[in-house]
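First up is the structure itself, then whatever we jot down about it.
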Amino acid sequence: YVVSGGELPAMVLMDAMARTVPGVLGDAASAEEDSFVDGLLDCPHYTRPETIAGLSVPEVLLSGDHEEIRKWRVKQALARTWQKRPDLLDDIELSKEQARLLAEIKQDTTTE
1 YVVSGGELPA MVLMDAMART VPGVLGDAAS AEEDSFVDGL LDCPHYTRPE TIAGLSVPEV
61 LLSGDHEEIR KWRVKQALAR TWQKRPDLLD DIELSKEQAR LLAEIKQDTT TE
């Protein structure tokens with residue numbers, strides 16, 4: 001992006017570095033869930049209202065089932081990465097769950 005001076009990029013860099021220092025974040029797990037920290041593109045994020053312009057938040061995100069929400073996020077991140085930056089998948093070692101979900105994504109895509 002273009003900025004008018006070096007101050008803003010310097011602050012962004014300082015913030016990125018500070019996030020890795022223990023105690024800076026209120027919850028240390030936050031940095032582990034940052035976009036791209038695991039080598040995948042991020043999953044979609046939603047906010048209120050639940051429906052806008054005919055588009056709705058996926059039901060799983062409204063369910064309150066944290067394990068299903070986690071799986072949905074992993075699958076969405078894998079799907080986005082496979083569709084937009086498949087080269088990134090060459091550089092990471094997928095877990096068994098990720099490999100299974102990616103196989104599902106590929107199967108679903110070829111049958112559509």
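Using the numbering used here, you'd call the opening residue of the sequence shown number 1 and step up by one each time.
All residues carry an ideal CB built from backbone N, CA and C; glycine is no exception.
Predicted model, so just to flag it, every value in this text is computed and none were measured.
1) Does the segment 45–54 touch the segment 6–20, meaning 3 or more C-beta pairs lie closer than 8 Å?
2) Is the separation between the beta-carbon of V74 and that of L101 shorter than 9 Å?
3) Who pairs with S63 in a beta bridge, going by DSSP?
4) Consult DSSP for L25 and reduce its assignment to one of helix, strand or coil.
5) Under the three-state reduction of DSSP, which class applies to L41: helix, strand or coil?
6) Taking just the CA atoms, how far does A18 sit from G6?
7) Would you decide whether L62 is buried or exposed? Buried here means 16 or more other CB atoms lie within 10 Å of its CB.
The structure says:
1) no
2) yes
3) Paired residues: none, contrary to the question.
4) coil
5) coil
6) 18 Å
7) exposed
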